[in-house]
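Before any comments, here is the structure.
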Amino acid sequence: MKKSFSFLLFCLLTTTLLAQKIKYTDSFLEKLEQTQIDVFTPVEGKYKSVRPLKNDFQPIDHAIVSKREKIVIRYSVIPYDSDKPATQLPHVDFMRLVTSVASNDEDAGVVSVHALDNPQLKTYFNADWGSMAYFKPKYRFSEAQHCRLLALFKEGQGTVYVFFLFDEPSPALDNRLRALQFRTNL
Numbered sequence: 001m002k003k004s005f006s007f008l009l010f011c012l013l014t015t016t017l018l019a020q021k022i023k024y025t026d027s028f029l030e031k032l033e034q035t036q037i038d039v040f041t042p043v044e045g046k047y048k049s050v051r052p053l054k055n056d057f058q059p060i061d062h063a064i065v066s067k068r069e070k071i072v073i074r075y076s077v078i079p080y081d082s083d084k085p086a087t088q089l090p091h092v093d094f095m096r097l098v099t100s101v102a103s104n105d106e107d108a109g110v111v112s113v114h115a116l117d118n119p120q121l122k123t124y125f126n127a128d129w130g131s132m133a134y135f136k137p138k139y140r141f142s143e144a145q146h147c148r149l150l151a152l153f154k155e156g157q158g159t160v161y162v163f164f165l166f167d168e169p170s171p172a173l174d175n176r177l178r179a180l181q182f183r184t185n186l
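Take 1 as the starting number for the sequence shown in my numbering and just add one per residue.
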């Protein structure tokens, strides 16, 4: 009885440790703390951390991938800085980012941008401003066929960009949308 209980406990711990493949770097955790953002780690889909690829368009702080859901999620966190106007004007920086990352090819299709409404911003993200864009990314940014970019801003805290990169849309894409939230100031 004792041996079977020990074996069961060993299997449970091993499975739990193997399932936790998302590891955050100290610099990413520091930025999250500085901007008061909580990231909700996906527990299904077998996500794991991957090294963010260097690119000329936008620094990436963290990236995770799921082969099962066929999605790559990249995070870029920009802390608020009163000395840097770009951190105070998220809508301007958002459009700069979209024009930098979206493909310029004639066959790439259109870039679709829409603002998030205030109830959705407050309820889901505790943000003051937010917008989403859909586009085909430049090949040097990602080999994925599509990108859904979520941008969120909280006054005095910062901006976060979440890139959802995929080839085919799926319900998993919507399930991952609420990937983070600004903390409530008490």
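No residue lacks a Cβ here, since even glycine has one placed at the ideal position from N, Cα and C.
Asked, Found
"Whole-Å CB distance - F153 paired with T159, under 8 Å assumed", "5 Å"
"Selection from K54, Y47, I71 and Y80 that minimises the alpha carbon distance to T35", "Y80"
"A127 versus L149 - alpha carbon distance", "16 Å"
"Option nearest P169 by Cα separation, candidates I78, Y134, V50 and D117", "Y134"
"For Y161: DSSP bridge partner residues", "S76 and A151"
"Proximity below 8 Å, CB of I232 to CB of K48", "What is shown of the chain runs 1 to 186, which leaves residue 232 out entirely."
"Buried versus exposed call for Y139 [16 or more other C-beta atoms within 10 Å across all chains shown]", "exposed"
"Sufficient close CB pairs (3 or more, under 8 Å) joining the segment 39-54 to the segment 107-123", "no"
"Cutoff 7 Å; reference K31; Cβ partners in own chain excluding five residues on either side", "D61, V77 and P79"
"Local conformation of S100 per DSSP, three classes", "helix"
"Counterpart residues of P137 in DSSP-defined beta bridges", "A102"
"First through last residue of the alpha helix (DSSP H) which encompasses S27", "D26 to T35"
"Nonlocal neighbours in the same chain, by C-beta distance under 7 Å from V111, ignoring five residues either side", "V98, A102, A133 and F135"
"Among G109, L29, F141 and S131, nearest to D56 - alpha-carbon criterion", "F141"
"With 16 other Cβ atoms within 10 Å as the buried cut-off, status of E33", "exposed"
"Burial state of G109, where buried means 16 or more other Cβ atoms lie within 10 Å", "exposed"
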